[in-house]
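Worksheet: the structure to be examined is printed underneath.
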Amino acid sequence: MLLKKISELDVRDIMDYEPENGKLFLSHSRMVFHDTQSIGLLRRDLVDLLGFERAEGVIFRNAWNRGVHEAQNITGKYECEDDQEWIEAGFRLLQMQGFSRTEIIHSHIDADSGTFLMEGIWRESFEADEHLKYYIYHNSPVCASMTGYISGFASTKFNKQVLFRETQCRAMGDPYCQWVGKTVEDWGTVADPTVTMLEKPDLKESADEAHRKIEEQQNHIRVLYNMHRRLIQMLGRGGGIDDVCHVLSSVFHVPLIVENEDFALVSSEGIPKALALEYSTSLSKLDKYGHKTPNQAYILNKIKGETEPMELHVPDGFGGGHRRIIAPIILKGELFGYISMLPEDSSPFDLLRLGLERGSLASAIVMLQEKSAVEVEHRMAERFVDEILSNPEDKNRLIKQGKYLGYNLKNPGYVFLLEEVSGD
Numbered sequence: 001m002l003l004k005k006i007s008e009l010d011v012r013d014i015m016d017y018e019p020e021n022g023k024l025f026l027s028h029s030r031m032v033f034h035d036t037q038s039i040g041l042l043r044r045d046l047v048d049l050l051g052f053e054r055a056e057g058v059i060f061r062n063a064w065n066r067g068v069h070e071a072q073n074i075t076g077k078y079e080c081e082d083d084q085e086w087i088e089a090g091f092r093l094l095q096m097q098g099f100s101r102t103e104i105i106h107s108h109i110d111a112d113s114g115t116f117l118m119e120g121i122w123r124e125s126f127e128a129d130e131h132l133k134y135y136i137y138h139n140s141p142v143c144a145s146m147t148g149y150i151s152g153f154a155s156t157k158f159n160k161q162v163l164f165r166e167t168q169c170r171a172m173g174d175p176y177c178q179w180v181g182k183t184v185e186d187w188g189t190v191a192d193p194t195v196t197m198l199e200k201p202d203l204k205e206s207a208d209e210a211h212r213k214i215e216e217q218q219n220h221i222r223v224l225y226n227m228h229r230r231l232i233q234m235l236g237r238g239g240g241i242d243d244v245c246h247v248l249s250s251v252f253h254v255p256l257i258v259e260n261e262d263f264a265l266v267s268s269e270g271i272p273k274a275l276a277l278e279y280s281t282s283l284s285k286l287d288k289y290g291h292k293t294p295n296q297a298y299i300l301n302k303i304k305g306e307t308e309p310m311e312l313h314v315p316d317g318f319g320g321g322h323r324r325i326i327a328p329i330i331l332k333g334e335l336f337g338y339i340s341m342l343p344e345d346s347s348p349f350d351l352l353r354l355g356l357e358r359g360s361l362a363s364a365i366v367m368l369q370e371k372s373a374v375e376v377e378h379r380m381a382e383r384f385v386d387e388i389l390s391n392p393e394d395k396n397r398l399i400k401q402g403k404y405l406g407y408n409l410k411n412p413g414y415v416f417l418l419e420e421v422s423g424d
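Going by the numbering used here, the sequence shown opens with residue 1, and the numbers climb by one from there.
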């Protein structure tokens, strides 16, 4: 029997379904259906449990093995002209199984010389979609199941180990996911983290890491308790925004900036005033006039209506490039402004995020108290003026009331009566 060309490979031709036995096969390998939402939830749980890097390693290694297994299942069953046609079939299998839509831009594969270079695009990646359901734009690519699968699939045919890596990803805010495939040798040290993903995890190392995380979390609890206690004491003393900044900056050892709803500087701590003003001005320009990346636009829009702290990079082109963790100051649905930390790259983001959440609430309480105090003072001043005009004979009582309001009526003063004059 003549073999079918691998370029004509169709997943429907190699799929067998036995509903009466509860079995589904793809090229004689038993399969089960999983909806992308359940895979996304599993991925989220892995990230929350292991951290992004370790979770990515588990996903990549699992996908690599699946790619190797599926490649072995179809080996010898299809007519294939060269390695390139074979590897393109792997991309087609990915697409037909619903992972994404593949566009190959460039390909040069020569087994004799050991040359391997492929470049292309994934559109409609389900992994990027699932990531963005639960997290903000990430700082690195997330489509580990697709890069793992096609790396394993390609490596079964080529005479060298091949790795595919994303250079762009929609989960990073890019318009699509772009990938490059090369041999491990051609990747050089860039591929070391990916190669490490294929190694069997060291359980002792994992246990040590888990112990380290427990100690880290205990330290975080102590730091947050100290911050909480100091904020409560500060609020009890009637402290202001400057005091909130001082507490947070001293507890977390990071500079703090507080801005109003238009990103005008209100207060700062741990940073020269001129530099804080420069940073606020640059963020204001980015918000109002700048050409924002999808990531920047997403964060700026989200922080105006939600309390979750987010990381934001302000580019140099607006006068004061910097990185900050920023949170809105919101109370009773009213936006009072923003509070930001300016951490070092090595600073613990999760701890700072928790501290910023509480700092945002403390700032909102302080601003609300100040606003209420001003409104009460204005109302009392208006009533006092009305009392003076309507009952000027009761001097002793007016002098006493004025003293409480900070006015000394025994000193000379002036009263102005303003009338609106029509233009006629």
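Here a beta-carbon is modelled for each residue, glycine too, at the ideal position from N, C-alpha and C.
Distance, Cα to Cα, Ile155 vs Cys177? First, the residue type needs correcting, since residue 155 is Ser and not Ile in the sequence shown. Their backbone Cα atoms lie some 21 Å apart in a straight line.
Between the CA atoms of Thr36 and Ala276 - distance to the nearest angstrom: 45 Å
Mapping DSSP to helix, strand and coil, what is Asp13? coil
Any contact between the stretch 50 to 67 and the stretch 95 to 109? By contact I mean 3 or more CB pairs, one from each, below 8 Å. no
List the DSSP bridge partners of Phe116. Ile109
Top-ranked residue by Cα proximity to Met341, from Ala128, Leu248, Gln296, Arg123: Leu248
Rounded to the nearest angstrom, what separates Phe318 and Asp287 at their Cα positions? For Phe318 and Asp287, the distance between alpha carbons rounds to 10 Å.
Measure the C-alpha to C-alpha separation of Gln168 and Trp179 and round it to an integer number of angstroms. 7 Å
Pairwise C-alpha distance: Val190 and Glu216: 29 Å
Identity of the residues DSSP links to Ile325 by a beta bridge: Glu311, Met341
Does the Cβ of Asp316 have 16 or more other Cβ atoms within 10 Å, making it buried, or fewer, making it exposed? exposed
Measuring straight from C-alpha to C-alpha, what distance separates Asn411 and Glu420? 29 Å
Which class does Arg30 belong to by DSSP, given the choice of helix, strand or coil? Strand, per DSSP.
Under a Cβ-count criterion, where at least 16 other Cβ atoms within 10 Å of its own Cβ denotes burial, should Asp243 be classed as buried or exposed? Classification for Asp243: buried.
For Asn295 and Pro255, the rounded distance between their alpha carbons: 24 Å
Report yes if the CB atom of Glu269 is closer than 7 Å to the CB atom of His253, and no otherwise. no
Drop a sphere of 10 angstroms on the beta-carbon of Glu130, count the other beta-carbons inside from all chains shown, and report buried for 16 or more, exposed for fewer. buried
With C-beta atoms as the reference, is Phe116 less than 7 Å away from Val68? No, the pair does not count as a contact, with Cβ atoms beyond the cut-off.
Among Val184, Met146, Asn159, Phe158, the one whose alpha carbon lies nearest that of Glu166: With distances taken between Cα atoms, Glu166 lies closest to Met146.
What is the DSSP secondary structure of Lys302, counted as helix, strand or coil? In the three-state reduction of the DSSP assignment, Lys302 falls in the helix class, which pools H, G and I.
Check this for me: beta carbons of Gly120 and Glu103, under 7 Å apart or not? Contact annotation: Gly120 and Glu103 have beta-carbon atoms nearer than 7 Å.
Evaluate Gln84 with the Cβ neighbour count: other Cβ atoms within 10 Å of its Cβ, from every protein chain shown; 16 or more gives buried, anything less gives exposed. buried
Does DSSP classify Arg237 as helix, strand or coil? coil
Give the straight-line distance between the Cα atoms of Met31 and Val266, rounded to the nearest whole angstrom. 59 Å
Go through its chain and collect everything with a Cβ distance to Lys302's Cβ below 8 Å, but skip five positions before and after it. Ile136, Glu308, Met310
Let me check understanding here. Comparing Cα to Cα, which of Arg383, Arg358, Gln369, Leu50 lies closest to Asn226? Arg358
Kindly indicate which residue of Arg222, His228, Glu127 has the alpha-carbon position closest to the one of Ser38. Out of Arg222, His228, Glu127, Glu127 has the C-alpha closest to the C-alpha of Ser38.
Let me make sure I understand the geometry here. Which of Met197, Met96, Asp174, Phe158 has the alpha-carbon closest to that of Lys182? Phe158
Run of the alpha helix (DSSP H) containing Leu256, from where it starts to where it stops: It is not in any alpha helix (DSSP H) - Leu256 instead sits in the beta strand (DSSP E) that spans 256 to 260.
Buried or exposed for His322, please, with buried defined as at least 16 other CB atoms from any protein chain shown within 10 angstroms of its CB. buried
Going by DSSP, what residue range makes up the beta strand (DSSP E) through Val162? 162 to 168
Reference Leu26, options Lys273, Lys292, Met96, Arg170, closest by Cα: Met96
Could you give the residue range of the alpha helix (DSSP H) that holds Thr281? 273 to 288
Beta-carbon separation of Lys133 and Gly40 under 7 Å? yes
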